[in-house]
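J.: I'd like to ask you about the structure that follows.
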């Protein structure tokens, strides 16, 4: 199950909230925002929805004081999934209730799940794991499922010892321990001196609490002596290991996955859970304001970020996935002023999209690149601030316009070629790789051929593209004569046409496929580094 839309009316923090435009492929939904911005209220809506099928009643009506923002007005929850199924709940008099005839649609964990030490004896209360009957009744209640997970795994293990044939106890124990240890390695790293590994899980026996032991380096460590972050990670993995088989087509929601974790562990934990513990047809919703989580969600193709920050929820609000290349998505974790302080002695250069990843691999002295939404965002930013610089693609700027813009805005630079890709796929840059069978003249002729095949399409694209350039709205730098661009594109001289021919989306790179060239190779050449350095050196 994957959610595509949510609508909440008079529910908790929200008067009227809509969350929309979540792509069908989304496996991770990361909600960001300051404390009190309403992120956990979304989990309350999931919790109410998950209670419906079991109770055949209505949790909204049962806990109106907790769920309804205005007690005199009805509350509504509408959740739409990518298969067009819908959950619709209301506590208004005579209101209809629409639920899905399917079990285990949601599985949630609150942030109140930490178990500092093992004390609990085996519960005498019967727990129905299929119905998640040991979950908290409200999302603000303490989550005590961890030690029940230990009990469940222990019982399952003992059952298999006596029922499975042809498998030794050691092999069976490894089955239960190896998956968690593999996860530990991917999260903590391969270094045995610092990485954690699970040795044994002994259930509560003879009135004693469970006993769980780990190894780090040459030391054997009891669960009670682990750090809070290590306990948090083990708690999560054990819970998913013991229960995920019951939730193979579900929406998982886990609040504050990043509790007690440093930035690097935040990133690797979230990656591990998405890659190896959440089934592909499921979706994970989590809330955080940690840098590591935001950084992972920014890079992951199957992740979206919902920004709950700085919104007046007494008024109707619509939230859609944020542009992940925008610098603003990091501000909830690291305010911009802090970023400026961290890089006080460096040139902080805003660039387009995810190009910062590649520019930064150049390791230019005292320079840090930051990717933002688009060229418009870069230009508007440097007009307001003189604390950072801007570097944008050339696109269809004439030589005259480029010169005027850079003169008026000395902290702003425009690439000499159409885009970043024009540099990395330049014939001279490819030549630097010393590829067997590469012929520069032959490659240049292929570029010219493709340029001439697409030239009419490029001509029609020029005016449409230029209409969106924020810089050209400044009358003093506007140059409406585009004849120089037309003339350059008609030329078969690389020095003329290459400035305006996009190697990103107008050149079919099938010609280069036989060499299997990676971008990381292309940005490490002296030619590429020198070209970018030439641009950076003239910044004030």
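Residue numbers (our numbering): 13 to 552.
For every residue, glycine included, the Cβ atom is placed at its ideal position computed from N, Cα and C.
Going by beta-carbon coordinates alone, are residue 407 and residue 437 separated by less than 9 Å?
T.: Position 395 of the chain shown, counted from the start, is the residue given in the question as residue 407. Position 425 of the chain shown, counted from the start, is the residue given in the question as residue 437. No. Outside cutoff.
J.: Less than 6 Å between C-beta atoms, sequence neighbours within five positions excluded: which residues of the same chain meet that for residue 235?
T.: As a working mapping, residue 235 is identified with position 223 in the chain shown. These residues qualify, in order along the chain: 130, 224.
J.: Give the range of the alpha helix (DSSP H) segment to which residue 281 is assigned.
T.: Working through the chain shown from its first residue, we reach residue 281 at position 269. Here the alpha helix (DSSP H) through residue 281 covers 275 to 288.
J.: Please state if the CB of residue 544 and the CB of residue 502 are separated by a distance shorter than 9 Å.
T.: On the chain shown, position 490 is the one that residue 502 refers to. On the chain shown, position 532 is the one that residue 544 refers to. No, they are not a contact pair.
J.: Report yes if the CB atom of residue 305 is closer than 9 Å to the CB atom of residue 270, and no otherwise.
T.: Counting from one through the chain shown, the residue named residue 305 turns up at place 293. Counting from one through the chain shown, the residue named residue 270 turns up at place 258. Yes, they are a contact pair.
J.: Does DSSP put residue 57 in a helix, a strand or coil?
T.: Sequence index remark: in the chain shown, residue 57 carries index 45 (1-based). Looking at residue 57 - three-state DSSP - the assignment turns out to be helix.
J.: Would you decide whether residue 69 is buried or exposed? Buried here means 16 or more other CB atoms lie within 10 Å of its CB.
T.: The residue you call residue 69 lines up with position 57 of the chain shown. Its pLDDT being 45, under 50, residue 69 is placed unreliably by the model, and the measurement read from it follows with that caveat. With fewer than 16 Cβ atoms within 10 Å of its Cβ, residue 69 is classed as exposed.
J.: Could you check which residue in 498, 377, 247, 279 has the C-alpha nearest to that of residue 121?
T.: Here the question's residue 121 lines up with position 109 in the chain shown. Nearest option by C-alpha distance: 247.
J.: Just mark residue 280 as buried or exposed, buried being the case when its beta carbon has 16 or more other beta carbons within 10 Å.
T.: Residue numbering aside, residue 280 sits at position 268 when the chain shown is read from its first letter. That one is buried.
J.: Would you say residue 217 and residue 192 are within 9 Å of each other, going by their C-beta atoms?
T.: Here residue 217 refers to the residue found at position 205 of the chain shown. Here residue 192 refers to the residue found at position 180 of the chain shown. Taking 9 Å as the Cβ cut-off, residue 217 and residue 192 do not qualify as a contacting pair.
J.: Which residues does DSSP pair with residue 228 in a beta bridge?
T.: Position 216 of the chain shown, counted from the start, is the residue given in the question as residue 228. In the DSSP output, where bridge partners are listed per residue, residue 228 has 231.
J.: With DSSP run on the structure shown, which of helix, strand or coil describes residue 113?
T.: The count along the chain shown starts at 1 and reaches residue 113 at position 101. Note: residue 113 maps to coil in three-state DSSP.
J.: Buried or exposed: where does residue 254 fall if 16 or more other Cβ atoms within 10 Å of its Cβ makes it buried?
T.: Looking up residue 254 in the chain shown gives position 242. Buried: at least 16 other Cβ atoms inside 10 Å.
J.: According to DSSP, is residue 93 part of a helix, a strand, or is it coil?
T.: On the chain shown, position 81 is the one that residue 93 refers to. DSSP places residue 93 in strand when its eight states are reduced to three.
J.: What does the alpha-carbon distance come out to for the pair residue 56 and residue 267?
T.: For this step, residue 56 is matched to residue 44 along the chain shown. For this step, residue 267 is matched to residue 255 along the chain shown. The alpha-carbon atoms of residue 56 and residue 267 are separated by roughly 11 Å.
J.: Where do the ends of the alpha helix (DSSP H) carrying residue 125 lie?
T.: The residue given as residue 125 occupies position 113 in the chain shown. No alpha helix (DSSP H) holds residue 125; DSSP gives it neither H nor E.
J.: If you reduce the DSSP assignment to three classes, tell me which class residue 425 lands in.
T.: Indexing the chain shown from 1 puts residue 425 at position 413. Looking at residue 425 - three-state DSSP - the assignment turns out to be strand.
J.: Once DSSP output is grouped into helix, strand and coil, what is the label at residue 553?
T.: The chain is shown from 13 up to 552; residue 553 falls before or after that span and cannot be answered.
J.: Within 10 angstroms of the Cβ of residue 66, are there 16 or more other Cβ atoms? Answer buried if so, exposed if not.
T.: One-based indexing of the chain shown puts residue 66 at position 54. Note that residue 66 scores 46 on pLDDT, short of 50, meaning its location in the model is unreliable and no value can be drawn from it.
J.: Is DSSP giving residue 319 helix, strand or coil here?
T.: One-based indexing of the chain shown puts residue 319 at position 307. Three-state result, residue 319: strand.
J.: By DSSP's criteria, residue 481 is part of a beta bridge. Which residues make up the other side?
T.: For the purposes of this step, residue 481 is taken as residue 469 along the chain shown, with counting starting at 1. Note: residue 481 sits in no beta bridge, so no partner.
J.: Which same chain residues, not among the five before or five after residue 474, have their C-beta less than 7 Å away from its C-beta?
T.: Indexing the chain shown from 1 puts residue 474 at position 462. Correct list, in chain order: 408, 494, 497.
J.: Along the chain, where does the alpha helix (DSSP H) that runs through residue 310 open and close?
T.: Translated into positions along the chain shown, residue 310 becomes position 298. Taken as a continuous stretch (DSSP letters only), the alpha helix (DSSP H) holding residue 310 covers 303 to 311.
J.: Quick one: using the 10 Å Cβ neighbour count with 16 as the cut-off for buried, is residue 219 buried or exposed?
T.: Position 207 of the chain shown, counted from the first residue, corresponds to residue 219. That one is exposed.
J.: Going by alpha carbons, who is nearest to residue 41 out of 82, 524, 336?
T.: One-based indexing of the chain shown puts residue 41 at position 29. For the residues 82, 524, 336, the minimum Cα distance to residue 41 belongs to 336.
J.: What do you reckon, are the CB atoms on residue 53 and residue 19 nearer than 9 Å?
T.: In the chain shown, the residue the question calls residue 53 occupies position 41. In the chain shown, the residue the question calls residue 19 occupies position 7. Contact: no.
J.: Roughly how many whole angstroms lie between the Cα atoms of residue 400 and residue 548?
T.: For this step, residue 400 is matched to residue 388 along the chain shown. For this step, residue 548 is matched to residue 536 along the chain shown. Rounded to the nearest angstrom, the two C-alpha atoms are 13 Å apart.
J.: In terms of residue numbering, what span does the alpha helix (DSSP H) encompassing residue 241 cover?
T.: On the chain shown, residue 241 is found 229 positions in, with the first residue counted as 1. That run of the alpha helix (DSSP H) goes 240 to 255.
J.: So what does DSSP say about residue 193, is it helix, strand or coil?
T.: Residue 193 sits at position 181 when you count from the first residue of the chain shown. It is helical.
J.: Just how far apart, CA to CA, sit residue 293 and residue 260?
T.: As a working mapping, residue 293 is identified with position 281 in the chain shown. As a working mapping, residue 260 is identified with position 248 in the chain shown. Each residue's alpha carbon lies about 8 Å from the other.
J.: In whole angstroms, what separates the C-alpha of residue 59 from that of residue 239?
T.: For this step, residue 59 is matched to residue 47 along the chain shown. For this step, residue 239 is matched to residue 227 along the chain shown. Approximately 30 Å between the Cα atoms of the pair.
J.: Taking C-alpha atoms, which residue in 516, 140, 228, 116 lies nearest to residue 367?
T.: On the chain shown, residue 367 is found 355 positions in, with the first residue counted as 1. Among 516, 140, 228, 116, the Cα nearest to that of residue 367 is on 516.
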